[in-house]
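Protein sequences appear in the order of chains A and B. Just so you know, we're using the working numbering here: the first sequence kicks off at 61 and counts up by one. Just so you know, we're using the working numbering here: the second sequence kicks off at 61 and counts up by one.
2 protein chains.
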Amino acid sequence: MKHNKEGNTEQQILEAAETLFLEKGFALTSTTEIAKVAGCNQALVHYYFRTKENLFEAIFEKKARLFFSVIFQNEGADRSFEQRLKETIEAHFDIVAANSKIPFLFINELTTNQQRLITLSEEFVSAREEAFRKVEQELQAEIKKGTIRPMELIDLLITVISLNLTLFLVKPIIKVITNISDEDFQKLIAHRKQENVKIILNSLKP
Amino acid sequence: MKHNKEGNTEQQILEAAETLFLEKGFALTSTTEIAKVAGCNQALVHYYFRTKENLFEAIFEKKARLFFSVIFQNEGADRSFEQRLKETIEAHFDIVAANSKIPFLFINELTTNQQRLITLSEEFVSAREEAFRKVEQELQAEIKKGTIRPMELIDLLITVISLNLTLFLVKPIIKVITNISDEDFQKLIAHRKQENVKIILNSLKP
DNA sequence: ATTCTATTTAATAGCTCTATTAAATATCGA
DNA sequence: TCGATATTTAATAGAGCTATTAAATAGAAT
């Protein structure tokens with residue numbers, strides 16, 4: 061049975077670590093700093109998670125799961141392929157917007173640490189394989205019908221990801237360069253969401 | 061007068077630093093490692109550049125200059141706006157492709173180090189301001205003519221950057237997940253270049 | 001050959017970081 | 001209350017890092 065003084069120390073460490081890792085990545089975040097933000101002794105970080113690596117992985121996996129949780133809106137034969145694609149793009153955009161630091165964390169850690177990538181890909185790639193196959197079939201069926209120009213699913217995927225991620229990847233840069241207010245950035249986000257949908261749907265036309 | 065044993069030590073340090081900084085960013089690269097790759101004593105890195113920060117800035121500025129060197133192909137009234145835009149997109153894509161690690165370096169350093177961003181933006185943003193104004197005027201003229209749907213230059217810019225950068229930002233991820241060969245990745249790049257041009261030009265239609 | 005300067009080296013100060021340990025303290029059940 | 005267990009703390013080992021220093025070496029100029 062656990063019995064901490066005030067609240068849940070382990071939880072506070074997790075929250076502090078999440079904030080800091082998302083802010084600066086694994087390398088620039090120290091367990092000393094995590095402890096300071098969590099309001100506890102530095103040794104406690106290691107008491108609960110033994111290594112900084114373990115702590116990071118707990119958070120990274122959780123975020124990976126969230127990030128890949130959007131799947132093509134397959135259900136409902138009452139809606140057209142285009143309509144369901146639109147909904148998927150919007151859902152993906154919304155998740156990225158609500159977790160706007162995840163893209164940076166991902167690219168940062170997966171680029172500098174190949175091993176992390178290998179472990180992750182095993183779990184996620186195979187889990188998505190079946191879903192991909194189904195959507196690919198639907199896409200090719202649409203192409204055969206002539207409603208969409210010839211293309212592969214991977215092309216569509218790259219386009220969606222490119223358009224939906226980049227705004228948030230360069231968010232800190234835009235903020236400093238343009239001095240844009242939070243309110244105006246929110247407006248820009250809402251505008252880009254519609255813009256992205258428009259661009260992508262346009263790009264499918266035969 | 062300089063007189064090193066073999067070759068130019070300073071140059072070798074610069075080259076080693078460039079490789080490593082592009083690979084892993086500022087924080088994960090040590091002067092010890094730079095010296096090892098450059099084939100010299102670690103103290104020499106500090107002898108020539110005094111601080112790691114100085115060395116980094118030398119490389120970062122050079123890369124920033126390269127990265128922002130593409131400007132809208134203004135010259136030549138014989139070519140249409142669309143044709144010149146196409147050439148600009150392709151030139152931008154080519155520069156990114158030839159320096160595919162720069163986007164990662166940029167986003168990594170500018171996100172984790174606000175100060176670097178502030179220094180950089182002062183130099184570059186003001187230098188580009190005039191060029192932007194001119195292209196914005198041309199764009200609005202096209203819109204008035206009815207050849208392009210109503211939009212602002214910043215929208216077009218975000219779209220171009222999004223599509224042109226992301227493939228290279230996620231390159232390490234794609235390589236591990238898909239086990240794609242270098243040759244096939246080159247093919248993917250060539251394909252995406254045309255795809256991006258197509259998507260962007262399509263997105264302008266009224 | 002000698003002197004002057006530039007380059008290179010080994011050694012190390014001083015710092016921060018991760019992780020561990022032993023001791024102290026708190027909490028629970030009996 | 002008491003003992004067992006969980007949590008917390010201070011201290012520190014051990015490693016790596018940046019930057020400096022003093023001494024050694026090489027090359028050019030006189």
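We put the CB at the ideal spot given by N, CA and C, even for glycine.
Give the interface partners of Glu-174 of chain A over in chain B, defined as CB-CB distance under 7 Å, in chain order.
The sequence given here has Gln at residue 174 of chain A, not Glu. Within 7 Å Cβ-Cβ: Val-236.
Pairing CB atoms from the segment 214-233 of chain B with CB atoms from the segment 154-172 of chain A, are three or more of them under 8 Å?
Contact between the segment 214-233 of chain B and the segment 154-172 of chain A is established, with three or more Cβ pairs separated by less than 8 Å.
6 Å CB neighbourhood of Gln-246 of chain B in its chain, flanking five on each side removed
If the five residues before and after Gln-246 of chain B are omitted, its C-beta is found closer than 6 Å to no C-beta atom of its own chain.
Residues in the segment 80-102 of chain A having any Cβ partner in chain B nearer than 9 Å:
Those residues of the segment 80-102 of chain A that come within reach of chain B (Cβ to Cβ, closer than 9 Å) are Glu-83, Lys-84, Gly-85, Ala-87, Leu-88.
Measuring CA to CA, which of B:Ile-167, B:Leu-227, B:Asn-159 is closest to Thr-219 of chain A?
Per the Cα distances, B:Leu-227.
Using a threshold of 7 Å, state whether the C-beta atoms of Glu-78 of chain A and Tyr-108 of chain A are closer than that.
In this structure, Tyr-108 of chain A does not lie closer than 7 Å to Glu-78 of chain A by Cβ.
Run the CB neighbour count on Thr-89 of chain B, radius 10 Å, all protein chains shown included, and call it buried at 16 or more, exposed below.
Buried, by the Cβ-count rule.
Taking only three categories from DSSP, how would you classify Arg-209 of chain B?
If DSSP states are grouped into helix, strand and coil, Arg-209 of chain B belongs with coil.
Backbone CA spacing between Gln-197 of chain B and Ile-208 of chain B [nearest angstrom]:
Each residue's Cα considered, the two are about 13 Å apart.
Exposed unless 16 or more other CB atoms sit within 10 angstroms - verdict on Thr-91 of chain B
Its Cβ being crowded by 16 or more others within 10 Å, Thr-91 of chain B is buried.
Run through chain A and tell me which residues come within less than 8 Å of Pro-232 of chain B, C-beta to C-beta.
Within chain A, the C-beta atoms nearer than 8 Å to that of Pro-232 of chain B come from Leu-170, Thr-171, Gln-174, Leu-177, in chain order.
Mind listing which residues of the segment 236-261 of chain A have their C-beta closer than 9 Å to chain B's C-betas, in chain order?
When C-beta distances to chain B are compared with 9 Å, the residues of the segment 236-261 of chain A below that value are Val-236, Ile-237, Thr-238, Leu-248, His-251, Arg-252, Glu-255, Asn-256, Lys-258, Ile-259, Ile-260, in chain order.
At least one CB of chain B closer than 7 Å to the CB of Val-8 of chain A: is that the case?
As displayed, chain A neither begins before 61 nor continues past 266, which places residue 8 of chain A out of reach and without an answer.
Measuring only the C-alpha atoms, how far is Ile-203 of chain A from Val-97 of chain B?
Between Ile-203 of chain A and Val-97 of chain B, the C-alpha separation is close to 52 Å.
Using a C-beta cutoff of 7 Å, does Phe-164 of chain B count as contacting chain A?
For Phe-164 of chain B, the answer is yes, since a Cβ of chain A falls inside 7 Å of its Cβ.
Ignore the nearest five residues each way along the sequence and tell me which others in Ser-181 of chain B's own chain have a CB closer than 6 Å to its CB.
Closer than 6 Å at the Cβ level, and outside the excluded window around Ser-181 of chain B, lies no residue.
Given this structure, state the Cα-to-Cα distance separating Phe-128 of chain B from Thr-238 of chain A, to the nearest angstrom.
Cα to Cα, Phe-128 of chain B sits roughly 17 Å from Thr-238 of chain A.
When you compare the CB positions of Phe-116 of chain A and Phe-86 of chain A, do they come within less than 7 Å of one another, or not?
Yes, these two residues count as a Cβ contact at 7 Å.
Would Ile-249 of chain A and Ala-157 of chain A be called neighbours here (beta carbons separated by less than 7 Å)?
The beta carbons of Ile-249 of chain A and Ala-157 of chain A sit closer together than 7 Å.
Would you mind stating whether Asn-114 of chain B and Ser-263 of chain A have Cβ atoms separated by less than 7 Å?
Their beta carbons are not under 7 Å apart, which means Asn-114 of chain B does not touch Ser-263 of chain A by this criterion.
Considering only the beta carbon of each residue, do Phe-132 of chain B and Val-195 of chain B sit closer than 7 Å?
Yes.
Counting along the chain, where does the alpha helix (DSSP H) carrying Ala-76 of chain A start and finish?
That run of the alpha helix (DSSP H) goes 69-84.
So what's Arg-139 of chain A in DSSP terms, helix, strand or just coil?
Note: Arg-139 of chain A maps to coil in three-state DSSP.
Buried versus exposed call for Lys-205 of chain A [16 or more other C-beta atoms within 10 Å across all chains shown]
The residue in question, Lys-205 of chain A, is exposed, as its Cβ has fewer than 16 Cβ neighbours within 10 Å.
Count the other C-beta atoms from every protein chain shown that fall within 10 angstroms of the C-beta of Ile-119 of chain B, then say buried if there are 16 or more, exposed otherwise.
Result: buried.
Residues near Cys-100 of chain B in its chain [Cβ-Cβ closer than 8 Å; skip 5 each side]:
Leaving aside the five residues that flank Cys-100 of chain B on each side, the residues in its chain whose CB is nearer than 8 Å to its CB run, in chain order, Thr-69, Gln-72, Ile-73.
Three-state secondary structure (DSSP) of Phe-192 of chain B:
Under the three-state reduction of DSSP output, Phe-192 of chain B falls in the helix class.
What are the start and end residues of the alpha helix (DSSP H) that includes Lys-127 of chain A?
Residue 127 of chain A is actually Phe in this sequence, not Lys. For Phe-127 of chain A, the enclosing alpha helix (DSSP H) starts and ends at 112-127.
Local conformation of Ile-87 of chain B per DSSP, three classes:
As written in the sequence, residue 87 of chain B is Ala, which differs from the Ile given in the question. If DSSP states are grouped into helix, strand and coil, Ala-87 of chain B belongs with coil.
Between the Cα of Glu-135 of chain A and those of A:Arg-125, A:Leu-126, A:Lys-84, A:Glu-147, spot the shortest distance and give me the residue it belongs to.
Of A:Arg-125, A:Leu-126, A:Lys-84, A:Glu-147, the residue nearest in Cα terms is A:Glu-147.
Residue environment, Gln-143 of chain A, which counts as buried when at least 16 other CB atoms sit within 10 Å:
The residue in question, Gln-143 of chain A, is exposed, as its Cβ has fewer than 16 Cβ neighbours within 10 Å.
Residue of B:Glu-189, B:Ile-162, B:Glu-75 minimising C-alpha distance to Leu-213 of chain B:
For the set B:Glu-189, B:Ile-162, B:Glu-75, the Cα lying nearest the Cα of Leu-213 of chain B is the one of B:Glu-189.
Could you check where the alpha helix (DSSP H) with Asn-168 of chain B kicks off and where it finishes?
162-172 is the extent of the alpha helix (DSSP H) around Asn-168 of chain B.
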